[in-house]
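Residue numbers (my numbering), protein chains in the order written: chain A, 2 to 140; chain B, 2 to 140; chain C, 2 to 140; chain D, 2 to 140.
4 protein chains.
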Amino acid sequence: MDASLFLVTPASPDPIYRQVVEQVRRFVAAGQLRVGEGLPSVREMAEHHAVNPMTISRAYSQLEAEGVLERRRGVGMVVAAARGAGLTAEERLRLLEPRLRDVIREAGDLGLAAGPVCERLHALFLSPAAPHPRAPATR
Amino acid sequence: MDASLFLVTPASPDPIYRQVVEQVRRFVAAGQLRVGEGLPSVREMAEHHAVNPMTISRAYSQLEAEGVLERRRGVGMVVAAARGAGLTAEERLRLLEPRLRDVIREAGDLGLAAGPVCERLHALFLSPAAPHPRAPATR
Amino acid sequence: MDASLFLVTPASPDPIYRQVVEQVRRFVAAGQLRVGEGLPSVREMAEHHAVNPMTISRAYSQLEAEGVLERRRGVGMVVAAARGAGLTAEERLRLLEPRLRDVIREAGDLGLAAGPVCERLHALFLSPAAPHPRAPATR
Amino acid sequence: MDASLFLVTPASPDPIYRQVVEQVRRFVAAGQLRVGEGLPSVREMAEHHAVNPMTISRAYSQLEAEGVLERRRGVGMVVAAARGAGLTAEERLRLLEPRLRDVIREAGDLGLAAGPVCERLHALFLSPAAPHPRAPATR
DNA sequence: GTGGTCTAGACCACC
DNA sequence: GTGGTCTAGACCACA
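Take a look at the structure:
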C-alpha cells in the first residue's frame with residue numbers, strides 16, 4: 002500500500018501517531034490491507050507526509066504491540082494474521098459506532114432530530130468529493 | 002439554565018473546559034440558551050461538577066472571547082446577542098457537518114457504504130438507552 | 002452639569018466607577034465644571050446610564066476623599082475649591098501625558114515613527130465626529 | 002526572537018498574559034516577528050521574566066485561538082501565516098487608532114486643542130528617555 | 001455576590 | 001525537549 006493513501010494532518014487536534022494507528026486498523030479491518038501485505042517504510046511514510054520518522058515508528062510499534070502488524074526482518078512491517086483482519090460488515094459497523102454516538106450527542110444538544118441528521122449524512126456520503134478525501138491528497 | 006443540564010466527563014479524552022465550551026455553543030445555537038439569559042456562575046458550575054472553578058472560568062473566558070457570551074459586571078455571564086444564537090435547523094445541521102464528515106471518512110476506510118451506516122445511525126438515534134436522556138427531556 | 006455629558010461604557014475594560022472618576026477630574030481640571038458647581042445626583046446619573054447607583058456613589062465618594070468634590074447637605078456633591086480646579090494648559094497637558102506614553106510604547110512595537118503617528122493624531126482630532134463623542138450619546 | 006525582547010511588568014494594571022499577547026501581536030504586525038519564526042518556549046519566557054509558566058501558556062493559547070500563532074508539535078509556537086503578519090505602515094497606523102482616540106477623548110475633556118497635544122506627543126516621542134530603549138535598538 | 005489573575009506544583013501527551 | 005490540563009488556594013476588583 003502506498004504512503005499516499007494515508008491522510009495525515011499535523012494540524013489536527015488528534016496526534017499524528019494516532020491518526021496513523023487508526024487508519025491502519027481500519028484498512029486492515031476492511032481488508033484493504035491484506036494479511037501479509039507490507040506497509041510503507043517508516044522513512045517513506047515520514048518523508049511523504051513531512052513528519053518526524055519517530056512518530057511513524059511509534060505508530061507502527063503500537064500496532065505491533067497490538068498484534069495488528071508484524072516486524073519482518075529486512076522487509077519491514079506487514080499485516081499480521083489473526084488480529085481483526087478482514088472483518089465482516091457487521092463487525093466493521095461496530096467499530097464505527099463511537100463516531101455515530103458522537104453525532105447523536107451533538108445533534109441532541111443542537112436540538113436536531115434523527116430524520117434530518119440521517120438525511121444529511123446520506124447526502125454528504127454520496128457527494129462526489131467526500132467518500133475518499135485521501136485520493137486528492139496525492140496532489 | 003441550571004448547572005445540572007451540563008454534562009461534564011473528567012475521564013473523557015477531551016478537556017473539561019472544552020466540553021463546557023462546546024456544550025454552551027450548541028445550547029446557544031439551538032436556542033436552548035436564549036440571548037440575554039444567564040449561565041450558572043463559575044462557582045456553582047464548579048461545585049456541581051466537582052471541578053476547579055478555574056476550569057470553568059477558562060471555558061467562559063474563551064466563550065467571551067468568541068463573542069458567544071458577555072460579561073455583565075456583578076451579574077455574571079450572559080448569552081451575547083448577534084453571535085450564532087438561535088440558529089435555524091439548516092444552520093445547526095451545518096454545525097454538525099464536521100462530525101458527519103468524520104463518520105464518512107472512517108466509514109470509507111472501513112469499506113462501509115452509505116446505506117448500512119445511515120441505517121445504523123438511525124437505529125442508535127432511536128434506541129432507548131440514548132446517551133443524554135437530559136436533552137430530549139427538556140424539550 | 003447634565004448627566005448626559007458623561008460617557009459611561011459598561012462594556013469597557015475599565016470599570017464604570019473609574020470612568021466616572023476620571024471624567025469628573027478632567028472636567029474640573031478644564032474648568033468645564035467650576036468650583037461650587039453641582040454634579041448630577043447619584044440617582045439621576047445612575048438612571049441616565051443604566052448602571053447601579055452604588056457604582057456612581059462609589060465614584061463620588063472617591064472624589065470626595067481626594068478633595069475634588071464636597072458633600073453639601075441637601076444639595077449633593079459640588080466641586081470643591083483648591084484641588085486641581087481650573088488648571089493651566091500646561092498642567093492639563095501633563096495630565097494627558099500617560100496616554101501619550103501609551104501611544105509611544107505601542108507605536109514603538111509597531112515600528113512606527115513619530116511623524117506619521119502625529120500626523121494621524123492630528124487628522125483624527127480634526128475629523129468631525131471625534132472630539133466630543135459624548136454629545137451624540139444623548140440620543 | 003529572544004525572551005529578553007519582551008517587556009513584562011507584573012506591577013502594571015493590565016495582566017501579564019495580556020501584555021504578552023499584545024506585544025506579540027504588535028511584533029508580528031510590524032514584521033519584527035516573521036511568519037514561521039518561533040517564539041521563546043513557555044518555560045524560557047517564564048523563567049526569564051520570573052512568572053509562572055501557565056501565565057505565558059495562557060497568552061500563547063489565546064494567540065493561537067486568534068490565529069496569530071500556530072502550535073508545531075514538539076517544536077513550540079511559531080508565527081502563523083495569513084493573519085495580520087507583516088502589515089503595511091498604513092495598516093499598523095490603523096491598529097494604533099484606538100490609542101489615538103483615547104488621547105483625543107481625554108484631551109477633549111481637558112479642553113485641550115489638537116495643536117499643543119500633537120506637539121507634546123512629538124516632543125515625548127523624540128525625548129531620549131524613551132520608555133523602551135529596546136524597540137529602537139533592535140531596528 | 002460576581003469573575004479575574006496568579007502561583008506552585010503535579011501529571012500527561014506528543015515529538 | 002515542547003505545550004496542555006488540572007488542582008488548591010490565595011488575593012483582587014467590581015457591582
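In this text, a Cβ means the ideal position worked out from N, Cα and C, and glycines have one as well.
Note that the coordinates shown come from a computational prediction; the quantities given were computed from them, not determined experimentally.
Are the CB atoms of residue j and residue i within a distance shorter than 8 Å?
{"i": "residue 37(C)", "j": "residue 76(C)", "result": "no"}
{"i": "residue 112(A)", "j": "residue 93(B)", "result": "yes"}
{"i": "residue 96(B)", "j": "residue 104(A)", "result": "no"}
{"i": "residue 63(A)", "j": "residue 22(A)", "result": "yes"}
{"i": "residue 4(D)", "j": "residue 45(D)", "result": "yes"}
{"i": "residue 59(A)", "j": "residue 18(A)", "result": "yes"}
{"i": "residue 86(C)", "j": "residue 71(C)", "result": "no"}
Can you pull the DSSP bridge partners for residue i?
{"i": "residue 70(C)", "result": "80(C)"}
{"i": "residue 39(D)", "result": "79(D)"}
Name the chain D residues whose beta carbon is nearer than 9 Å to that of residue i?
{"i": "residue 66(B)", "result": "63, 66, 67"}
{"i": "residue 41(C)", "result": "Near residue 41(C) there are no residues of chain D at all, since even the closest Cβ is about 16 Å away, more than 9 Å."}
{"i": "residue 99(A)", "result": "Result: empty, since nearest Cβ-Cβ is about 24 Å, beyond 9 Å."}
List, in order along the chain, the chain A residues whose C-beta lies closer than 8 Å to that of residue i?
{"i": "residue 75(D)", "result": "53"}
Using a Cβ cut-off of 7 Å, pull out every chain A residue sitting near residue i, in sequence order please.
{"i": "residue 31(B)", "result": "110, 111, 112"}
Look at the alpha carbon of residue i and the alpha carbon of residue j, and state the distance between them as a whole number of angstroms.
{"i": "residue 99(D)", "j": "residue 69(D)", "result": "20 Å"}
{"i": "residue 124(D)", "j": "residue 91(C)", "result": "14 Å"}
{"i": "residue 7(D)", "j": "residue 25(D)", "result": "8 Å"}
{"i": "residue 79(A)", "j": "residue 67(A)", "result": "13 Å"}
{"i": "residue 49(B)", "j": "residue 56(B)", "result": "13 Å"}
{"i": "residue 31(C)", "j": "residue 88(D)", "result": "39 Å"}
{"i": "residue 127(D)", "j": "residue 102(C)", "result": "12 Å"}
{"i": "residue 143(D)", "j": "residue 10(D)", "result": "An answer regarding residue 143(D) cannot be provided, because it is not within the stretch 2 to 140 covered by chain D."}
{"i": "residue 14(D)", "j": "residue 61(B)", "result": "22 Å"}
{"i": "residue 107(C)", "j": "residue 117(C)", "result": "14 Å"}
{"i": "residue 47(B)", "j": "residue 33(B)", "result": "21 Å"}
{"i": "residue 27(D)", "j": "residue 2(D)", "result": "14 Å"}
{"i": "residue 12(A)", "j": "residue 52(A)", "result": "11 Å"}
{"i": "residue 20(A)", "j": "residue 35(A)", "result": "20 Å"}
{"i": "residue 16(C)", "j": "residue 115(A)", "result": "48 Å"}
{"i": "residue 84(B)", "j": "residue 119(C)", "result": "37 Å"}
{"i": "residue 41(D)", "j": "residue 54(A)", "result": "25 Å"}
Please compile the residues from chain C whose C-beta is within a distance smaller than 7 Å of the C-beta of residue i.
{"i": "residue 122(D)", "result": "101, 104, 119, 122"}
For residue i, return the contacting residues in chain D, with the cut-off set at a CB-CB distance below 7 Å.
{"i": "residue 142(C)", "result": "Chain C is shown only over 2 to 140; residue 142(C) falls outside these bounds and no answer can be derived."}
{"i": "residue 115(C)", "result": "123, 126, 127"}
What does residue i touch in chain C if you count any residue whose Cβ is under 9 Å from its own?
{"i": "residue 7(D)", "result": "Neighbours of residue 7(D) on chain C: none; closest Cβ ~10 Å, over 9 Å."}
Please name the residues in the region 10-26 of chain A whose beta-carbon is closer than 7 Å to at least one beta-carbon of chain B, in chain order.
Only those residues of the region 10-26 of chain A whose C-beta falls short of 7 Å from the nearest C-beta of chain B are listed: 24.
Which of the residues in the region 85-96 of chain A, read from start to end, lie with their CB under 7 Å from any CB of chain B?
If the cut-off is 7 Å between Cβ atoms, the region 85-96 of chain A has 90, 93, 94, 96 near chain B.
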